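Asker:
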Amino acid sequence: MFIWEATIVGPDETPWEGGIFSLTIRIPPNYPDRPPNVRFTTEMFHPNVFEDGNLCLDIIQDQWKPIYTIGTVLTSIQSLLTDPNCSSPANTEAAKLFQKDPKEYARKVRKCAQKSVGM
6 MFIWEATIVG
16 PDETPWEGGI
26 FSLTIRIPPN
36 YPDRPPNVRF
46 TTEMFHPNVF
56 EDGNLCLDII
66 QDQWKPIYTI
76 GTVLTSIQSL
86 LTDPNCSSPA
96 NTEAAKLFQK
106 DPKEYARKVR
116 KCAQKSVGM
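Counting with the numbering used here, you get residues 6 to 124 for the letters of the sequence shown.
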(Lines of atoms letter the chains of each structure in order from A and count residues from 1; the text may use other names and numbers.)
(Lines give C-alpha, C1' and ligand atoms only; values in the text may rest on other atoms or scores of the structure.)
Protein backbone atom coordinates (compact mmCIF):
# COMPACT_ATOMS: atom_id res chain seq x y z
CA MET A 1 0.00 0.00 0.00
CA PHE A 2 1.15 3.48 -0.85
CA ILE A 3 0.17 6.50 1.23
CA TRP A 4 0.19 9.87 -0.47
CA GLU A 5 -0.48 13.33 0.89
CA ALA A 6 -2.33 15.73 -1.39
CA THR A 7 -3.61 19.28 -1.27
CA ILE A 8 -6.66 20.83 -2.89
CA VAL A 9 -7.02 24.58 -3.19
CA GLY A 10 -10.47 26.04 -2.67
CA PRO A 11 -12.04 27.11 -5.97
CA ASP A 12 -12.05 30.85 -6.71
CA GLU A 13 -15.23 32.86 -6.24
CA THR A 14 -16.70 30.30 -3.82
CA PRO A 15 -16.83 30.18 -0.02
CA TRP A 16 -13.92 27.70 -0.28
CA GLU A 17 -11.69 30.34 -1.93
CA GLY A 18 -8.36 30.83 -0.20
CA GLY A 19 -8.53 27.51 1.62
CA ILE A 20 -5.84 24.86 1.38
CA PHE A 21 -7.25 21.43 2.18
CA SER A 22 -5.04 18.43 2.91
CA LEU A 23 -5.93 14.83 2.15
CA THR A 24 -4.41 11.43 2.74
CA ILE A 25 -4.72 8.98 -0.14
CA ARG A 26 -4.21 5.30 0.63
CA ILE A 27 -3.55 3.39 -2.57
CA PRO A 28 -4.20 -0.35 -2.18
CA PRO A 29 -1.93 -3.02 -3.69
CA ASN A 30 -4.64 -3.95 -6.20
CA TYR A 31 -5.03 -0.39 -7.53
CA PRO A 32 -6.31 0.42 -10.15
CA ASP A 33 -8.70 -2.51 -9.84
CA ARG A 34 -9.79 -1.16 -6.44
CA PRO A 35 -10.25 2.53 -5.56
CA PRO A 36 -7.98 4.51 -3.27
CA ASN A 37 -9.20 5.50 0.18
CA VAL A 38 -9.25 9.29 0.41
CA ARG A 39 -9.69 11.25 3.61
CA PHE A 40 -9.47 14.95 4.40
CA THR A 41 -7.03 15.69 7.20
CA THR A 42 -8.15 19.33 7.26
CA GLU A 43 -11.37 20.05 9.15
CA MET A 44 -14.23 20.24 6.65
CA PHE A 45 -17.85 21.35 6.78
CA HIS A 46 -19.39 19.72 3.72
CA PRO A 47 -22.43 17.55 3.01
CA ASN A 48 -20.29 14.75 1.56
CA VAL A 49 -17.51 14.65 4.15
CA PHE A 50 -17.89 12.58 7.30
CA GLU A 51 -16.69 13.97 10.63
CA ASP A 52 -13.55 11.79 10.40
CA GLY A 53 -12.68 13.28 6.99
CA ASN A 54 -13.76 10.32 4.86
CA LEU A 55 -15.64 11.19 1.71
CA CYS A 56 -18.98 10.06 0.38
CA LEU A 57 -18.09 10.14 -3.33
CA ASP A 58 -19.37 7.55 -5.78
CA ILE A 59 -16.22 7.30 -7.92
CA ILE A 60 -14.16 6.11 -4.94
CA GLN A 61 -16.91 3.75 -3.87
CA ASP A 62 -19.39 1.76 -5.95
CA GLN A 63 -18.82 3.67 -9.22
CA TRP A 64 -15.05 3.11 -9.32
CA LYS A 65 -13.52 2.21 -12.70
CA PRO A 66 -9.88 1.23 -13.27
CA ILE A 67 -9.55 3.99 -15.89
CA TYR A 68 -9.81 6.62 -13.14
CA THR A 69 -6.52 8.11 -12.01
CA ILE A 70 -5.59 9.85 -8.78
CA GLY A 71 -5.80 13.08 -10.77
CA THR A 72 -9.38 12.22 -11.74
CA VAL A 73 -10.21 11.60 -8.09
CA LEU A 74 -8.69 14.91 -6.95
CA THR A 75 -10.48 16.84 -9.69
CA SER A 76 -13.77 15.19 -8.70
CA ILE A 77 -13.20 16.11 -5.06
CA GLN A 78 -12.49 19.73 -5.97
CA SER A 79 -15.71 19.81 -8.02
CA LEU A 80 -17.60 18.23 -5.14
CA LEU A 81 -16.64 21.15 -2.90
CA THR A 82 -18.90 23.51 -4.85
CA ASP A 83 -21.43 20.98 -6.11
CA PRO A 84 -22.29 18.63 -3.23
CA ASN A 85 -24.64 15.67 -3.50
CA CYS A 86 -27.19 16.31 -0.77
CA SER A 87 -29.27 13.24 -1.63
CA SER A 88 -26.85 10.99 0.27
CA PRO A 89 -25.13 13.24 2.81
CA ALA A 90 -22.32 12.23 5.12
CA ASN A 91 -22.93 15.39 7.16
CA THR A 92 -26.67 15.99 7.50
CA GLU A 93 -26.22 19.39 9.18
CA ALA A 94 -24.14 20.66 6.26
CA ALA A 95 -26.62 19.24 3.74
CA LYS A 96 -29.59 20.91 5.45
CA LEU A 97 -27.81 24.27 5.64
CA PHE A 98 -26.68 24.03 2.01
CA GLN A 99 -30.29 23.53 0.94
CA LYS A 100 -32.21 25.72 3.43
CA ASP A 101 -29.79 28.43 4.60
CA PRO A 102 -27.08 28.97 1.98
CA LYS A 103 -25.74 32.10 3.70
CA GLU A 104 -25.09 30.24 6.97
CA TYR A 105 -23.61 27.32 5.04
CA ALA A 106 -21.25 29.70 3.22
CA ARG A 107 -20.27 31.33 6.53
CA LYS A 108 -19.31 27.95 8.02
CA VAL A 109 -17.41 26.99 4.86
CA ARG A 110 -15.46 30.28 4.89
CA LYS A 111 -14.57 29.59 8.53
CA CYS A 112 -13.13 26.20 7.49
CA ALA A 113 -11.24 27.81 4.61
CA GLN A 114 -9.74 30.42 6.94
CA LYS A 115 -8.85 27.79 9.53
CA SER A 116 -7.12 25.70 6.84
CA VAL A 117 -4.57 28.49 6.35
CA GLY A 118 -4.15 29.35 10.01
CA MET A 119 -6.42 32.40 10.18
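All residues carry an ideal CB built from backbone N, CA and C; glycine is no exception. Small disclaimer: the values here were computed from a predicted structure and weren't measured.
Roughly how many whole angstroms lie between the Cα atoms of V114 and S93?
Answerer: For this step, residue 114 is matched to residue 109 along the sequence shown. For this step, residue 93 is matched to residue 88 along the sequence shown. Answer to the nearest angstrom: the Cα atoms are 19 Å apart.
Asker: Can you tell me which of the three DSSP states A11 falls into?
Answerer: Taking the first residue of the sequence shown as position 1, residue 11 is located at position 6. In this structure, A11 counts as strand in the three-state DSSP scheme.
Asker: Compute the Euclidean distance between the alpha carbons of G58 and Q66, then round it to the nearest angstrom.
Answerer: Here residue 58 refers to the residue found at position 53 of the sequence shown. Here residue 66 refers to the residue found at position 61 of the sequence shown. Computed Cα separation, rounded: 15 Å.
Asker: Going straight from the alpha carbon of V122 to that of G24, what length do you get?
Answerer: The residue you call residue 122 lines up with position 117 of the sequence shown. The residue you call residue 24 lines up with position 19 of the sequence shown. The straight-line gap from Cα to Cα measures roughly 6 Å.
Asker: Which class does L62 belong to by DSSP, given the choice of helix, strand or coil?
Answerer: The count along the sequence shown starts at 1 and reaches residue 62 at position 57. The answer is coil: DSSP assigns L62 none of H, G, I, E or B.
Asker: Using DSSP's beta-bridge definition, name the partner residues of F45.
Answerer: What you label residue 45 is simply residue 40 of the sequence shown in a count that begins at 1. Paired residues: L28.
Asker: State the Cα-Cα distance for the pair P107 and Q83, rounded to the nearest angstrom.
Answerer: Indexing the sequence shown from 1 puts residue 107 at position 102. Indexing the sequence shown from 1 puts residue 83 at position 78. When rounded, the distance between both Cα atoms is 19 Å.
Asker: Residues in its own chain within less than 7 Å of V78 by CB, not counting five upstream and five downstream?
Answerer: Your numbering for residue 78 matches position 73 in the sequence shown. Closer than 7 Å at the Cβ level, and outside the excluded window around V78, lie P41, V43, I64, I65.
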